[in-house]
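Asker:
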Ligand code: ADP
């Protein structure tokens, strides 16, 4: 089922097309990424989806065309700007948000799930960055939404807190919540998203799975290793996937296309060569974005 359908969405600020004809659909149960550099129009797009901004034109259908009140009830939103007052306690914030919904989640269980039970009496202002983020996720989920929109969820977090947050998101999805994740972190998108809309200057430049986006640019793969003993390059050059073989300081670098590793390893094995320190270098989403837009997304 299509949970969100966005068609030719446009929004202009001071004569500039910040969102310039964006279309995409989000399927039930997926983690859908909206990825692009700062200023690309990501937040504006998802705020239009959530009914928090009014688009100039285009259509947004949520859960098959619910009205605004029903959308609010079924859509959990965590936005960058939704900071809480420093002097509100964790449980107070959660109770307050729960009171907005007819059938909220059990707040104790939700605190447990986001790992904040021990901090339920703490003031928001005293929480670490990671704890504040986890609370904001809990607030987005307290209405038991079918869809959660999470904007720049891990910005400013240290790597451990970021990984913990990613795990939490995967658990939330496993509970059946569809997730729209706005991010400018490639690694986050690559790790979490089933499909992505790459956004640049208000337009969708590509829409695919992370693997699909990377394979689309058809960039070469490289396999490096240290051979157990010298061998004749011809055994690798004979492989259709291989385009080049280089030797450097006792290491061998094989470049080629497609799924390079299995044929290289079996050709070596057949010749009695054991590849040690085997490494594979693949193109990343960063490379895909660069190839598609000519720009780098900087974190
Ligand atoms: P992103 O989320 O990709 O960083 P935004 O949607 O926040 O991008 O912003 C896209 C562009 O629109 C930015 O250049 C921003 O300055 C501009 N913009 C966003 N909201 C407003 C607003 N309310 N008034 C004027 N300009 C805005």
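In full-length UniProt numbering, the protein residues as written are 1 to 299. Cβ atoms here follow ideal geometry from the backbone N, Cα and C, with glycine treated the same way.
1. Measuring straight from C-alpha to C-alpha, what distance separates residue 56 and residue 37?
2. In chain order, what residues have a CB nearer than 6 Å to some heavy atom of the ligand FMN?
3. Please state whether DSSP places residue 136 in a helix, a strand or coil.
4. Using the Cα positions of residue 299 and residue 42, report the straight-line distance between them to the nearest angstrom.
5. Do residue 126 and residue 75 have their C-beta atoms closer together than 9 Å?
6. Which stretch, first to last residue, makes up the beta strand (DSSP E) that contains residue 38?
7. Where does residue 167 fall in DSSP's three states?
8. Give a yes or no on whether 9 Å exceeds the smallest Cβ distance from residue 288 to chain D.
9. By how many angstroms is the C-alpha of residue 160 removed from the C-alpha of residue 263?
10. In this structure, how does DSSP classify residue 238 when only helix, strand and coil are distinguished?
11. Using the C-alpha atoms, what's the distance from residue 120 back to residue 111?
12. Considering only DSSP beta bridges, list what residue 2 is partnered with.
13. Start and end of the alpha helix (DSSP H) containing residue 262?
14. Are there three or more Cβ pairs, one per stretch, closer than 8 Å when the stretch 173 to 186 is compared with the stretch 136 to 155?
15. Taking the beta carbon of residue 8 as the centre, do at least 16 other beta carbons fall within 10 Å, making it buried, or is it exposed?
16. Where do the N-terminal and C-terminal ends of the alpha helix (DSSP H) with residue 95 fall, by residue?
17. Considering just the uninterrupted stretch of the beta strand (DSSP E) at residue 212, what are its terminal residues?
18. Does DSSP put residue 68 in a helix, a strand or coil?
19. DSSP three-state call for residue 160: helix, strand or coil?
20. So the alpha helix (DSSP H) residue 189 belongs to, where does it begin and stop?
Answerer: Taking the structure as given:
1. Taking the first residue of the chain shown as position 1, residue 56 is located at position 56. Taking the first residue of the chain shown as position 1, residue 37 is located at position 37. Computed Cα separation, rounded: 23 Å.
2. Of the ligands one can find in the structure shown, namely the ligand ADP, none is the ligand FMN.
3. For the purposes of this step, residue 136 is taken as residue 136 along the chain shown, with counting starting at 1. In the structure shown, residue 136 sits in a helix (DSSP, three-state: H, G or I).
4. In the chain shown, the residue the question calls residue 299 occupies position 299. In the chain shown, the residue the question calls residue 42 occupies position 42. Caution applies to residue 299, whose pLDDT of 49 falls short of 50 and renders its modelled position unreliable; the value that the coordinates give is listed next. The alpha-carbon atoms of residue 299 and residue 42 are separated by roughly 15 Å.
5. Stepping through the chain shown from its first residue, residue 126 is reached at position 126. Stepping through the chain shown from its first residue, residue 75 is reached at position 75. For residue 126 and residue 75, no; Cβs fall outside 9 Å.
6. For this step, residue 38 is matched to residue 38 along the chain shown. First-last for residue 38: undefined, no H or E at that position.
7. As a first step, residue 167 is located in the chain shown; it is residue number 167 there, counting from the start. Three-state DSSP puts residue 167 in a helix.
8. Considering every chain present, this structure includes no chain D. It has just one protein chain.
9. For the purposes of this step, residue 263 is taken as the residue at position 263 of the chain shown. For the purposes of this step, residue 160 is taken as the residue at position 160 of the chain shown. Cα to Cα, residue 263 sits roughly 36 Å from residue 160.
10. As a first step, residue 238 is located in the chain shown; it is residue number 238 there, counting from the start. Reduced to three states, the DSSP call for residue 238 is coil.
11. Here the question's residue 111 lines up with position 111 in the chain shown. Here the question's residue 120 lines up with position 120 in the chain shown. Looking at the two C-alpha atoms, the distance is approximately 8 Å.
12. Mapped onto the chain shown, residue 2 falls at position 2. The partner list for residue 2 (beta bridge, DSSP) reads 27.
13. Indexing the chain shown from 1 puts residue 262 at position 262. Run containing residue 262: 261 to 270, per the alpha helix (DSSP H) assignment.
14. yes
15. The count along the chain shown starts at 1 and reaches residue 8 at position 8. Flag for residue 8 reads exposed.
16. Against the chain shown, residue 95 aligns to sequence position 95. Start and end: 90 to 98.
17. Within the chain shown, residue 212 is the residue found at index 212, counting from 1. Note, residue 212: premise wrong, no beta strand (DSSP E); alpha helix (DSSP H) at 210 to 216.
18. Counted from its first residue, the chain shown places residue 68 at position 68. Helix, per DSSP.
19. Position 160 of the chain shown, counted from the first residue, corresponds to residue 160. Residue 160: helix per DSSP, three-state reduction.
20. Within the chain shown, the letter at position 189 stands for residue 189. 186 to 192 is the extent of the alpha helix (DSSP H) around residue 189.
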